[in-house]
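Notes to accompany the following structure.
There are 2 protein chains.
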Amino acid sequence: MNIILASTSTLFGGQYLEYLKPELVNLFEGITEIIFIPFARPGGISHDDYTQKAKDFFSTININVKGLHEFEDKIEAVNSAQGFFTGGGNTFLLVKTLHELGLMNVLKQNIESEKPYLGCSAGSNIGGVNMKTTNDMPIVYPPSFDCMGLIPFNINPHYLDPNPEIKHNGETRETRIKEFLTQNDIKVVGLREGNWIRRIGNRVTTEGAELTRIFEKGKEPYEVDPGTEL
Amino acid sequence: MNIILASTSTLFGGQYLEYLKPELVNLFEGITEIIFIPFARPGGISHDDYTQKAKDFFSTININVKGLHEFEDKIEAVNSAQGFFTGGGNTFLLVKTLHELGLMNVLKQNIESEKPYLGCSAGSNIGGVNMKTTNDMPIVYPPSFDCMGLIPFNINPHYLDPNPEIKHNGETRETRIKEFLTQNDIKVVGLREGNWIRRIGNRVTTEGAELTRIFEKGKEPYEVDPGTEL
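Protein chains in written order, with the numbering used here: chain A, 287 to 516; chain B, 287 to 516.
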């Protein structure tokens, strides 16, 4: 496999995908066109406008972008594609749409047969075993929480450290992930913004400037350096 | 109906349920025993310990508490109860457990036949039409997101205003609720901590010290004063 699962598309104060540019040149080497999957986006921006945003960025590295929503036969479009990018938004909406259109497994098979894949945020969640560690609000009911399992763990994108100054009784991110581990025995990778998971063949590493926080059942959470193999 | 749906059980720096004490004396007037529903709690504290916490508070207003997990026949226990309290935790786990045990509708029927009900956080979410505006992580997959609909709207507990200082690309609470409204036409009541919904008969009001933020499809969000009828 040849994939990047990024915590976020955009760093604070930065431009869309800009911080990942050198990585994306490498990920999509030899590829002239990718399919953009805009289905996570619930509003505010249309699928066309969202695809345009991806198109604008990828034109700077000479890659054409087509939105998957434009195709009548979406399964055929995925099977014919050279590579993929799934943008962020609401993971429940993305997973519901992919399952309902019969695309989750088709996409998985295409990625497993070496087509490059980029996911950001919700698009990274679907690379995990299931979507049970998303931060998103359950605005729709998907037929299943199962995802592609491109890596043998789950991702928590936009991982946020507890803020001791907040006078609020909502659970911290760490508490939520520990609660996930009371019900599931799946490793969770807390990806801080600016970090990503890189898989090349069978080698899976954490990348980016920040440490990555790992949660496993029955262990204290621990931090790993950029470049650590998972 | 005679219900309180509270944003939180505990104010920052306060004791469990203390801020609601005068309200609870009123809600449970004439009641000698209630059933506590501990199923939202995924770990850290057992159902027994969680029930003991409720018991300790309610002993100060001369009400006995039994945990629903203690009963072999839980449906019979709900049908025989004088009143109910559902504690907070993870809404996905709570809703899954109630549906799987066949308790969601039984509880609803008992509350609709005038037995008093207190919900906090996850316990308030289940008073809404569905759980699609919870803040919780989807750590388990419930057979349905439908809830009791004790009120004709959804609640977002622990409602948090956007913090302009956070340099983070996760969605704000307001963004999430607006995304819910792109997929659903159900009013959402953003309950800040310290606020609660009171229903007596057919009269539903917002209560507590803070303004309450209301979200409706096709309208700008707006604030209402404590005591406003919804």
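Built from N, CA and C at the ideal position, the CB exists for glycine as well.
Query: Taking contact to mean at least 3 C-beta pairs separated by less than 8 Å, is the segment 366-377 of chain B in contact with the segment 335-352 of chain B?; Result: yes
Query: With the cut-off set at 9 Å, would you say I320 of chain A and I290 of chain A are in Cβ contact?; Result: no
Query: Could you have a look at A495 of chain A and say whether DSSP puts it in helix, strand or coil?; Result: coil
Query: Are at least three pairs of beta-carbons, each pair with one atom in the segment 390-406 of chain B and one in the segment 354-369 of chain B, less than 8 Å apart?; Result: yes
Query: Give, in chain order, every residue of the segment 414-437 of chain A whose Cβ lies closer than 8 Å to some Cβ of chain B.; Result: M417, K418, T419, T420, N421, D422, M423, P424, I425, V426, Y427, S430, F431
Query: Nearest chain A C-beta to Q469 of chain B closer than 9 Å, yes or no?; Result: yes
Query: Quick one: which residues of the segment 313-343 of chain A get their C-beta closer than 7 Å to a C-beta of chain B? List them in chain order.; Result: P328, G329
Query: The alpha helix (DSSP H) with L260 of chain A in it runs from where to where?; Result: Within the shown structure, residues of chain A are numbered from 287 to 516, placing residue 260 of chain A beyond reach of any answer.
Query: Can you tell me which of A:G494, A:T468, A:I486, A:T420 puts its alpha carbon nearest to the alpha carbon of L380 of chain A?; Result: A:T420
Query: Can you list, in chain order, the residues of its chain with a C-beta nearer than 8 Å to that of T294 of chain B? Leave out the 5 residues immediately preceding and following it.; Result: G374, C406, S407, P443, H444, E479, G480
Query: Listing by chain order, which chain A residues have their CB less than 7 Å from the CB of F466 of chain B?; Result: M423, I425
Query: Got a sec, what are the start and stop residues for the alpha helix (DSSP H) R478 of chain B sits in?; Result: No alpha helix (DSSP H) holds R478 of chain B; the beta strand (DSSP E) holding it covers 474-478.
Query: Run the CB neighbour count on G388 of chain B, radius 10 Å, all protein chains shown included, and call it buried at 16 or more, exposed below.; Result: exposed
Query: Roughly how many whole angstroms lie between the Cα atoms of I437 of chain B and S399 of chain B?; Result: 14 Å
Query: Give me the chain A residues within the contact set of N376 of chain B, using Cβ-Cβ distance strictly less than 7 Å, ordered along the chain.; Result: E465
Query: Of all the options A:M423, A:T458, A:V311, which has the alpha carbon lying nearest to the alpha carbon of T458 of chain B?; Result: A:M423
Query: Determine the extent of the alpha helix (DSSP H) in which G409 of chain B is found, giving its start and end residues.; Result: 408-411
Query: One question on the structure: do F314 of chain A and G353 of chain A come within less than 9 Å of each other, judged by their Cβ atoms?; Result: no
Query: On a CA-only basis, which of B:M287, B:K341, B:I317, B:Y427 is nearest F466 of chain A? Give me that one, please.; Result: B:Y427
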